[in-house]
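What follows is a set of notes on a single structure, which appears directly below.
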Amino acid sequence: MEKYARQAVTEGVPQNFRFVVEQTLREFFRAIQGGKDTEQSWKKSIYKIISRLDDPVPEYFKSPNFLEQLE
-8 MEKYARQAVT
2 EGVPQNFRFV
12 VEQTLREFFR
22 AIQGGKDTEQ
32 SWKKSIYKII
42 SRLDDPVPEY
52 FKSPNFLEQL
62 E
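Under this note's numbering, the final residue of the sequence shown carries the number 62; numbering is consecutive throughout.
Dropping the structure here:
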């Protein structure tokens, strides 16, 4: 795991990562503040924000030998 953390630090994080995290945390806070966390589907609005703002998964991650390429 440490190897992957070092690799992420070296490569940096995607440009919009901070924006997506901020929007997600903002929605999470609103849900808790509004008492929606007592509802069964309270996380749906948070997941919708993440999926709307998320980047598509690069093709090389979908490769069956992706993990072997990291070594």
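Glycine included, every Cβ here is placed at the ideal spot set by N, Cα and C.
Euclidean distance between Cα positions of residue i and residue j
{"i": "R43", "j": "K53", "result": "20 angstroms"}
{"i": "S36", "j": "F19", "result": "9 angstroms"}
{"i": "R17", "j": "P5", "result": "20 angstroms"}
{"i": "Y(-5)", "j": "F57", "result": "13 angstroms"}
{"i": "P49", "j": "A22", "result": "31 angstroms"}
{"i": "R(-3)", "j": "T29", "result": "38 angstroms"}
{"i": "V45", "j": "Q60", "result": "It is worth fixing the name first, because residue 45 is Asp in this sequence and not Val. Cα to Cα, the separation comes out at about 24 angstroms."}
{"i": "V12", "j": "G3", "result": "15 angstroms"}
{"i": "V0", "j": "P55", "result": "25 angstroms"}
For residue i, the nearest candidate out of the options (CA to CA)
{"i": "F10", "options": "Y(-5), I41, T29 and Y51", "result": "I41"}
Beta-carbon gap between residue i and residue j smaller than 8 angstroms
{"i": "K27", "j": "W33", "result": "yes"}
Span of the alpha helix (DSSP H) around residue i
{"i": "S42", "result": "K35 to L44"}
{"i": "Y(-5)", "result": "E(-7) to E2"}
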